[in-house]
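Undergrad: Taken in order, these protein sequences are the chains called A and B. Quick note: the first sequence uses the working numbering, first residue 789, plus one each step. Quick note: the second sequence uses the working numbering, first residue 789, plus one each step. Before anything else, here's the structure in question.
2 protein chains.
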Amino acid sequence: MCTIAEVSRKFELSQDTLRYYERVGLIPRVNRNKSGIRDYTEEDCRWVEFIKCMRSAGLPVEVLIEYVSLFQQGDATVLARKDLLIEQRNQLMLRIEEMQKMMERMNDKIDRYEQTILAAKKTLQKPEE
Amino acid sequence: MCTIAEVSRKFELSQDTLRYYERVGLIPRVNRNKSGIRDYTEEDCRWVEFIKCMRSAGLPVEVLIEYVSLFQQGDATVLARKDLLIEQRNQLMLRIEEMQKMMERMNDKIDRYEQTILAAKKTLQKPEE
DNA sequence: GGTTGACTTGGAGTTAACTCCAAGAGGTAC
DNA sequence: GTACCTCTTGGAGTTAACTCCAAGTCAACC
Chain A
789 MCTIAEVSRK
799 FELSQDTLRY
809 YERVGLIPRV
819 NRNKSGIRDY
829 TEEDCRWVEF
839 IKCMRSAGLP
849 VEVLIEYVSL
859 FQQGDATVLA
869 RKDLLIEQRN
879 QLMLRIEEMQ
889 KMMERMNDKI
899 DRYEQTILAA
909 KKTLQKPEE
Chain B
789 MCTIAEVSRK
799 FELSQDTLRY
809 YERVGLIPRV
819 NRNKSGIRDY
829 TEEDCRWVEF
839 IKCMRSAGLP
849 VEVLIEYVSL
859 FQQGDATVLA
869 RKDLLIEQRN
879 QLMLRIEEMQ
889 KMMERMNDKI
899 DRYEQTILAA
909 KKTLQKPEE
């Protein structure tokens, strides 16, 4: 289907990162052609996309390795996978809430800076006051 | 005002982390008493709280060092500080959006797992079907 | 048939952000 | 006055997550 160079371009992950992900088990092993070169299938690409997304949302590599490993063990692990996702979803939720609080705080600070700057400008315009 | 042990307990940051933050300039230098021991003022504590919050929202240490350094240079840097905050606020916003998308995706996945599990249970209950 | 370029591997190196350690000093408790 | 505890410093070590490197293979073009 496609080479590491193509997958790398498509998902904006370095070839090294892709090889690393495969090495540590973050994505299932990719098949090689007769001369030993990686040949990513559609499914491989879906994994790459999924993992990239999960990683950029901040899920630890270790947890994702666990997820992939469960996945490869088949249907018996459906419950465990669901629980893992729920746990991570909850943590994600907490982090989002924390970040939103921080956003508000930064917005307040920015507003206050804005007013300080405005006040300073006025003083400049009407120095007699 | 208070010792490193107290600040450490209050903000749940290790003493090592507090010393590290001070060492690299993440918080302004804390005064020492006559025997060389850190004596955190109220303002020091506010800095610690602020930095802890910023860090847990994911702002890089490097950026925060820059902010503290600007702060210490006085009023002339108000504009630069505001710009720095705006830039970081925007990045934070992007990260939050990305994480929210990921949350939805995880919720979908969890729902699908739930249905799989439900279906499996039904099959168990009525094996004749 | 030799050179080029993209790929392979295992392993070493890097970066950010802590975290730990050794050696030593000050204050208090017996 | 000595044992103990908490603190100090500078510097080394750790962890996660890549990122880079050297040595080698293979197909393709000239």
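We treat Cβ as the ideally placed atom computed from N, Cα and C, and that holds for glycine.
Quick check: is any heavy atom of the ligand GTP less than 6 Å from the C-beta of G813 of chain B?
TA: With respect to the ligand GTP, the structure offers nothing, as it holds no ligand at all.
Undergrad: State yes or no: is the beta carbon of R877 of chain A nearer than 7 Å to at least one beta carbon in chain B?
TA: Judged by the 7 Å Cβ criterion, R877 of chain A is in contact with chain B.
Undergrad: Could you tell me the alpha carbon to alpha carbon distance between E886 of chain B and L814 of chain A, rounded to whole angstroms?
TA: Answer to the nearest angstrom: the Cα atoms are 20 Å apart.
Undergrad: Return helix, strand or coil for R826 of chain A, following the three-state DSSP convention.
TA: R826 of chain A falls in the strand class under three-state DSSP.
Undergrad: Please determine if the segment 847-859 of chain B and the segment 801-819 of chain B are in contact, where contact requires at least 3 C-beta pairs separated by less than 8 Å.
TA: Verdict: yes, contact present.
Undergrad: Round the Cβ separation of I898 of chain A and I874 of chain B to the nearest angstrom and send it over; I've been treating them as touching at under 8 Å.
TA: Right, their Cβ atoms sit about 6 Å apart.
Undergrad: According to the neighbour-count rule (16 or more other Cβ atoms, all chains shown, within 10 Å of its Cβ), is R900 of chain B buried or exposed?
TA: Burial call: exposed.
Undergrad: Mark M789 of chain A as exposed unless 16 or more other C-beta atoms lie within 10 angstroms of its C-beta, in which case mark it buried.
TA: The residue is exposed, with fewer than 16 neighbouring Cβ atoms inside 10 Å.
Undergrad: If you run the structure through DSSP and keep just helix, strand and coil, what is R843 of chain A?
TA: Reduced to three states, the DSSP call for R843 of chain A is helix.
Undergrad: Beta-carbon separation of R826 of chain A and V818 of chain A under 7 Å?
TA: Their beta carbons are under 7 Å apart, which means R826 of chain A touches V818 of chain A by this criterion.
Undergrad: Counting pairs of beta carbons, one from the segment 821-840 of chain B and one from the segment 863-878 of chain A, are three or more of them closer than 8 Å?
TA: Short answer: they don't touch.
Undergrad: Kindly indicate if chain B contains any beta-carbon less than 7 Å away from that of V866 of chain A.
TA: By this cut-off, V866 of chain A is an interface position.
Undergrad: Measure the beta-carbon distance from M890 of chain B to L880 of chain A and round it to whole angstroms, keeping in mind my assumption that it falls under 8 Å.
TA: Indeed they touch by this definition, with Cβ atoms about 7 Å apart.
Undergrad: Could you check what DSSP says for R820 of chain B in three-state terms: helix, strand or coil?
TA: Of the three classes helix, strand and coil, the one that applies to R820 of chain B here is strand, per DSSP.
Undergrad: Under 7 Å, Cβ to Cβ, is there at least one residue of chain A near S844 of chain B?
TA: With 7 Å as the cut-off, S844 of chain B counts as an interface residue toward chain A.
Undergrad: Quick check on T805 of chain A - is its C-beta less than 7 Å from some C-beta in chain B?
TA: So no, T805 of chain A is outside the interface.
Undergrad: Quick check: is the beta carbon of K822 of chain A nearer than 7 Å to any beta carbon in chain B?
TA: No, K822 of chain A does not count as interfacial toward chain B.
Undergrad: When we look at the beta-carbon of L912 of chain B and count the other beta-carbons within 10 Å, is it buried (16 or more) or exposed?
TA: It counts as exposed.
Undergrad: Assign R820 of chain B to one of two classes, buried (16 or more other C-beta atoms within 10 Å of its C-beta) or exposed (fewer than that).
TA: Burial call: exposed.
Undergrad: Roughly how many angstroms separate the alpha carbons of V836 of chain B and R877 of chain B, rounded to a whole number?
TA: Cα-Cα distance, rounded: 20 Å.
Undergrad: Roughly how many angstroms lie between the CA atoms of R883 of chain A and I884 of chain B, to the nearest whole one?
TA: Between R883 of chain A and I884 of chain B, the C-alpha separation is close to 9 Å.
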